[in-house]
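Asks:
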Amino acid sequence: MTQLEMQERVIDVLRTVYDPEIPVNIYDLGLIYRIELNDACTELAVDMTLTAPNCPAADYIMEDVRQKLETIQGLAKVDVNLVFEPEWTKDMMSEEAKLEMGLL
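According to the numbering used here, the sequence shown is numbered sequentially starting from 3.
#1: From this set, MET3, ILE37 and LEU52, which residue's C-alpha is nearest PRO88's C-alpha?
#2: From what residue to what residue does the alpha helix (DSSP H) around MET8 run?
#3: Going by C-alpha distance, which of ALA60, THR91 and VAL48 is nearest GLU72?
#4: In the DSSP assignment, find the beta strand (DSSP E) that holds LEU46 and state where it starts and stops.
#5: Write down the C-beta distance between MET95 and GLY32 rounded to the nearest angstrom, noting that I regard them as a contact closer than 8 Å.
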């Protein structure tokens, strides 16, 4: 699998993860800041944030992301890092997410 194909697969999987309080997936919410694969596409590092630092569903979301990414065939290592810089804003949402949330 090429780097691009694996990245697209990772994004597809991330689009299956939802904050239980928001009807939009975390990728389209703009919560994913970095997706990095090694050259062999066997190691993945993801930097993500939350809509708020005190999000009550933080542990659930992080575990859901990790578990789902680990199901991708070919990945031997998955690191999911929670970051709060830069701070998340509604401007980071995709147009589709803004529409779904009634912000457009």
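Here a beta-carbon is modelled for each residue, glycine too, at the ideal position from N, C-alpha and C. It should be emphasised that the depicted structure is a prediction, and the values quoted were computed from it without experimental measurement.
Replies: Here's the rundown:
#1: As a position in the sequence shown, residue 88 is number 86, starting the count at 1. Selected option, being the one with the closest Cα: LEU52.
#2: The count along the sequence shown starts at 1 and reaches residue 8 at position 6. First-last of the alpha helix (DSSP H) with MET8: 5-16.
#3: Within the sequence shown, residue 72 is the residue found at index 70, counting from 1. Of the listed residues, the one whose Cα sits closest to GLU72 is VAL48.
#4: As a first step, residue 46 must be located in the sequence shown, where it is residue number 44. Run containing LEU46: 45-50, per the beta strand (DSSP E) assignment.
#5: Here residue 95 refers to the residue found at position 93 of the sequence shown. Here residue 32 refers to the residue found at position 30 of the sequence shown. The pair is a contact, with the Cβ atoms about 5 Å apart (cut-off 8 Å).
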